[in-house]
Structures are given as C-alpha cells and as structure tokens.
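In what follows, a single structure is set out as structure tokens and then discussed.
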Amino acid sequence: MGVVRPEKEIEIYKSADVLVVGGGPAGIGAAVAAARQGRSVLLLEKRGFLGGNVTACYVENCNYFLAGTGFSAEGIYAEIEDKAYREFGNDNIREKNKYAFSSEYLKVFLDGFLQREGVELLLHSFVNEVIMNEDRIEAVIIQTKKGAAAVKANMVIDATGDGDVAFAAGVPYEQGREKDGLCQPGTVSLRLAGADPAVLLRNGDRLSEIGRIFKQDYRAGKTGLACKRQDLPFGRLTKGGQISYVNYACAYGIDPTDIADLTRGEMECRRYDIEIWKYLKTHFEELKDIEIASIAPEIGFRDSRRIEGLYKLTIDDMESRRHFDDVIAVFPRFYDMLSPDANMDGDGSVEGKGYAGHIFEPVKDQRTFEIPYRSLIPVNVRNLIVAGRCISADHVAESGTRAVSLCMMTGQAAGTAAALAARDGASPDKIQIRELQTLLTKQKIKLPVDLG
Ligand SMILES: Cc1cc2nc3c(=O)[nH]c(=O)nc-3n(C[C@H](O)[C@H](O)[C@H](O)COP(=O)(O)OP(=O)(O)OC[C@H]3O[C@@H](n4cnc5c(N)ncnc54)[C@H](O)[C@@H]3O)c2cc1C
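The opening residue of the sequence shown carries number 241 in the working numbering; numbering runs sequentially from there.
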C-alpha cells in the first residue's frame, strides 16, 4: 500500500506569458525566441547552470558532422556560436573540431545572454508536477528547497529533454526502441589535463589516430576493457594541455527516467572513466602524463521519452525528404544511434529500418529532412508545446532530430509559436502557420516555403 499525500494550497511564486522548463539547447532557443516576440518569459532549470547536455555532459563539438559539407548552423545557435567566441575566444588548437564550444565559458556566456534578452531565469528549479484544468496546464509546480512553489503561465514549453512536463500532464509517449523500449546508452564523459599538444599535433591529428587504433584493438578483443563502447571521440585540445572531453563511458540498458537505473549508470560510467584514463596512459606514450581534470557532473542521455504529437515524424519521412506545409526546420540528413544493446553488427546504415543495433549515417549529397510544427504539439494538452529531443518522432528518426543545433531550432519555433498563442489567447494548434514561418525566416531560419 502507498501513502496518501494530504492536499495543500501552494503559493503562486511567479507568473509569465510563456514558461519554459529546461535550460538546454531547446529551452534556450525557446526562451530567447519567445522573449524576442515581446512576451514575458520565465525559464526554469533544475541544474545550477544552463546548456543542458552541452555543458553538463561536455557535448561541446555539437556540429562536427557539418564540417566540410557546405551546411552551417542557423538561427539562435549560429548567433550563440558567434557571440560566445567573440566574448571568450576559441582556445581550441585542434583543427579537426575547431568550432567546438568550451562548456565552461559557455555556461557563463549563457547567463549573460539570457539576461540581456530579458528572460527571467530560475536555476535549481526541478519540475515534475502540474495542476491541470481540464486540458490546460493551470500551474507548474517547482520542487524547491523551501518546498513546492507554483508558477502560472499562459503557455508552457517542455524542453526538459525527457518530456517531464508532458509526462506530468498526462501526454502519451514512447520511450526507447519500439521492440524492447531500450534507449541509447548513458554516457559520463571525462576531461583530461597534462597532454602535450605539440606532440599530439606533430604529425597530423594523433587523437583521431588513437581513436582508430582503439576501435581496431577493441574489435580484435585486445583491450580487455569492461565497457562495450568501441568509439573514442576526443574533444578540444588546448595549448595548456587540456583534452576537453573523452566521450567513452557508456552504461547500457538504463531507463533515463528511473532513479535506480540512473544511480547504476553514474557509478558504472565513472568506473569506466577511470579504466580508460589508465588505459590511455599506459598504451599511448604521448598520453603518459595525463590526469583526470574532471568527470562530467551528470550522466547524459541521447534519447528518452518521445511525446505523442499531432504528427509523429518517421524515418520514412526523413528518408523520402517529405515536405510538410507546416515545416519549421530543415536539417541535413544525419543519423547517429548508439546501439541500445551494444550490438555493433551491421554497417550502421538505416536501410531496411530494422537496424541491427547502431546507425551512423554522415551528411551526404546536400540531403535534408524537414520537421513539421505538429510534431511539437501534444495530442491532448492545449497550452503545451514540446521542443528538443522529446518531440514526436520514431526512435530512429530521433537519432537525427536529437542534434543539438536542431533541438535549438525546434526550441526557436516553439518559443515563437508560444508567443503568438499567448498574444492571441489561442491554443498552439490554432496559430497562423504562415505567420510563424515568416517570423522564423526573419530570425534566419531557412524554410522551403513561399511566403509571398
Ligand atoms: C555523451 C553525449 C554525446 C552527444 N554528442 C552529440 C553531438 O556530438 N552532436 C549533437 O548534435 N548531439 C549530441 N548529443 C545529443 C544532444 O546532446 C542532445 O540531443 C541535446 O542536448 C538535446 O537537447 P535538449 O535541449 O532537448 O535536452 P538536454 O540537452 O537534455 O537539456 C534539457 C535541460 O532540461 C533540464 N531539465 C531536465 N528535466 C528537468 C526538469 N524536470 N525540471 C527542470 N529542468 C529540467 C536539464 O537539466 C537540461 O538543462 C550527445 C549526447 C550525449 C549524452
């Protein structure tokens, strides 16, 4: 038998036209876009800093797959790249991933950026409860050190990555791959100090070579390491000898919304971090002096809940380049699905859509896919929009839609749409799509629509 929670009145702590929950790429895009439409915007973030996976999990080299393709970042993401480099410079001396963020500087940049845009920010604000009035969210409840606090808003945007607000509001969802519910593994990245940049760059990019050697040795059964991850991507390299991330440790079979699983994943990955650090030190002469500078503060996930929206984007839509009249973002075709069960059989292509385990499809031939606005709109809650990796998509499609810069684009669309809905007192599915598309185009989002 459970326990009964007595009913209790909760103080209204804040109110806003648009409330954004989650301060990752999607939430940042949403909050800034809504504020730029003249709405009052409140952003709630559970951690003590902004940036989501980019800062909390060292996902710094977000757009590495665009290098040399002719594609470039758009909208608020491109603006942040530009302004963050202007404010903090770019200390990365590794040409391969030259335009990666520095997650530490980015945290500070984002504090100022959001303030300048007029977004009200509350950190340490975890949301897992809402008060419903029929099919509308009447209030969102923040769990604070002082107990529960209520926030009222005309429009709510769920940018939590995991769809926590939508879940609390009773929006149906899917999680993981269709056949068994397994998500991609969770990762706790590692940051190293003590590398010798001159040696690592003497004959090309030695870190990439080390990654290749590692994969070969893993496949030949030579590494003896417990973690089933075969890839070893390294981050920025600085003059001071910092390797800003090693994206290696993977815990498989974790439900990203389950606290017991999360605890197991954090601890398992930290063990793997120590193992790979020792392995690199002892197997690669150039890395013999490396030290662990930090272990990412939290395990990061590439997918979890995907809400049921008015339209579920499928891999068929993406592969057939389906055009949607309500398109709000176009993105280069790129998929990266880490095998949910560590099965790396197959060549990683999406053909057949059954995929053996992993998918990796680089950008090619200027191929793109579109995201329809309806994939951001939950089926059963009237004043909620979802943005980022939890939008309505099938599991393989999500391995393309999860890209950081695309999450920020869906956020930008969600924020702009929420501002229009708040202005007109309309529900988000009733706003004028042409007006939304026109505003997005003005904000430097390229859309394949004739706006007259
Ligand atoms: C190790 C790793 C490597 C990756 N590599 C790449 C890459 O190279 N390129 C790429 O494009 N993508 C990469 N990704 C995927 C990418 O990081 C995500 O898909 C992207 O960050 C999703 O953005 P988001 O805003 O939807 O969610 P998130 O980045 O997860 O941000 C969600 C935010 O909401 C906050 N939040 C969550 N729940 C609540 C709550 N209940 N209340 C309040 N706040 C909440 C979180 O603290 C966080 O700040 C990688 C992911 C991982 C884990």
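We treat Cβ as the ideally placed atom computed from N, Cα and C, and that holds for glycine.
Practice item. Return the Cβ separation of E251 and A390 in integer angstroms, given the expectation that the two are a contact with Cβ distance under 8 Å. Key: The count along the sequence shown starts at 1 and reaches residue 251 at position 11. The count along the sequence shown starts at 1 and reaches residue 390 at position 150. Correct: roughly 7 Å between the Cβ atoms.
Review point. Which first and last residues belong to the beta strand (DSSP E) in which T608 is found?
Key: Along the sequence shown, read from residue 1 onward, the residue named residue 608 stands at position 368. 608 to 612 is the extent of the beta strand (DSSP E) around T608.
**Study point:** Selected residue, minimal CA-CA separation from F353, among I381, F366, A324
**Key:** For this step, residue 353 is matched to residue 113 along the sequence shown. It is A324.
Practice item. Thinking Y345 and F328 are a contact (beta carbons under 8 Å), I'd like their distance in whole angstroms, please. Key: Within the sequence shown, numbered from 1, the residue matching residue 345 stands at position 105. Within the sequence shown, numbered from 1, the residue matching residue 328 stands at position 88. Right, the Cβ-Cβ distance comes to about 4 Å (below 8 Å), so this counts as a contact.
Review point. Tell me, which residues are paired with T427 by DSSP?
Key: Walking along the sequence shown from the start, residue 427 turns up at place 187. Paired residues: C490, G540.
Practice item. Can you give me the Cβ contacts of A435 inside the same chain, cut-off strictly under 6 Å, excluding the 5 residues immediately before and after it? Key: As a first step, residue 435 is located in the sequence shown; it is residue number 195 there, counting from the start. Answer for A435: G481, I483, I530, listed in chain order.
Practice item. Could you tell me whether any non-hydrogen atom of ligand 1 is closer than 7 Å to the CB of C467? Key: The residue you call residue 467 lines up with position 227 of the sequence shown. Checking the Cβ of C467 against ligand 1 gives no.
**Study point:** Among Q606, A643, A296, G403, the one whose alpha carbon lies nearest that of C630
**Key:** By 1-based counting over the sequence shown, the position of residue 630 is 390. Cα-wise, what sits closest to C630 is G403.
Check your understanding: Roughly how many angstroms lie between the CA atoms of P537 and I625, to the nearest whole one?
Key -> What you label residue 537 is simply residue 297 of the sequence shown in a count that begins at 1. What you label residue 625 is simply residue 385 of the sequence shown in a count that begins at 1. Roughly 29 Å separates the two Cα atoms.
Exercise for review: Name the two residues that bound the continuous beta strand (DSSP E) containing Y575.
Suggested key: Counting from 1 along the sequence shown, the entry for residue 575 is found at position 335. Here the beta strand (DSSP E) through Y575 covers 575 to 577.
Check your understanding: When every heavy atom of ligand 1 is checked, does at least one fall within less than 7 Å of the C-beta of K215?
Key -> What is shown of the chain runs 241 to 692, which leaves residue 215 out entirely.
Exercise for review: Using beta-carbon positions only, say whether V367 and L284 come within less than 8 Å of one another.
Suggested key: To locate residue 367, count along the sequence shown from 1; it is residue 127. To locate residue 284, count along the sequence shown from 1; it is residue 44. Taking 8 Å as the Cβ cut-off, V367 and L284 qualify as a contacting pair.
Practice item. Please state if the CB of S560 and the CB of N623 are separated by a distance shorter than 8 Å. Key: Along the sequence shown, read from residue 1 onward, the residue named residue 623 stands at position 383. Along the sequence shown, read from residue 1 onward, the residue named residue 560 stands at position 320. Not closer than 8 Å, so no.
**Study point:** Check: Y575 C-beta below 7 Å from any heavy atom of ligand 1
**Key:** Along the sequence shown, read from residue 1 onward, the residue named residue 575 stands at position 335. Result no, Cβ not under 7 Å from ligand 1.
Exercise for review: Go through its chain and collect everything with a Cβ distance to L465's Cβ below 6 Å, but skip five positions before and after it.
Suggested key: Within the sequence shown, residue 465 is the residue found at index 225, counting from 1. So the list reads E515, once near-sequence residues are dropped.
Check your understanding: In terms of residues, what are the limits of the alpha helix (DSSP H) holding Y304?
Key -> The residue you call residue 304 lines up with position 64 of the sequence shown. Y304 -> no alpha helix (DSSP H), and no H or E assigned at all.
Check your understanding: Does DSSP put G549 in a helix, in a strand, or in coil?
Key -> Locating residue 549 in the sequence shown gives position 309, where the first residue counts as 1. The answer is strand: DSSP assigns G549 an E or B state.
Practice item. Would you kindly report the start and end of the unbroken alpha helix (DSSP H) that includes R276? Key: For the purposes of this step, residue 276 is identified with residue 36 of the sequence shown, where counting begins at 1. 265 to 276 is the span of the alpha helix (DSSP H), which, as asked, contains R276.
Practice item. Give the C-beta separation of E601 and F574 to the nearest angstrom, bearing in mind that I take them to be a contact with Cβ-Cβ under 8 Å. Key: Reading the sequence shown from its first residue, position 361 is the one you call residue 601. Reading the sequence shown from its first residue, position 334 is the one you call residue 574. Correct: roughly 6 Å between the Cβ atoms.
Practice item. Give me whichever residues DSSP pairs with A379 in a beta bridge. Key: Counting from 1 along the sequence shown, the entry for residue 379 is found at position 139. DSSP output for A379 lists I371 as bridge partner(s).
Practice item. Verify whether the separation of the beta carbon atoms of Q470 and D543 is less than 8 Å. Key: Along the sequence shown, one-based indexing puts residue 470 at 230. Along the sequence shown, one-based indexing puts residue 543 at 303. No, the Cβ-Cβ distance between Q470 and D543 is not below 8 Å.
Check your understanding: Helix, strand or coil: which one does DSSP assign to G416?
Key -> Stepping through the sequence shown from its first residue, residue 416 is reached at position 176. The answer is coil: DSSP assigns G416 none of H, G, I, E or B.
Exercise for review: Measure the Cβ-Cβ separation of L691 and L676 and say whether it is below 8 Å.
Suggested key: The count along the sequence shown starts at 1 and reaches residue 691 at position 451. The count along the sequence shown starts at 1 and reaches residue 676 at position 436. Against a cut-off of 8 Å, the Cβ pair of L676 and L691 comes out as no contact.
Practice item. Would you kindly work out how many angstroms separate the C-alpha atoms of Q415 and V636, rounded to a whole number? Key: Locating residue 415 in the sequence shown gives position 175, counting from the first residue. Locating residue 636 in the sequence shown gives position 396, counting from the first residue. Whole-angstrom Cα-Cα distance: 12 Å.
Point to revise | D556 versus G640 - alpha carbon distance | key: Stepping through the sequence shown from its first residue, residue 556 is reached at position 316. Stepping through the sequence shown from its first residue, residue 640 is reached at position 400. Roughly 12 Å between the two C-alpha positions.
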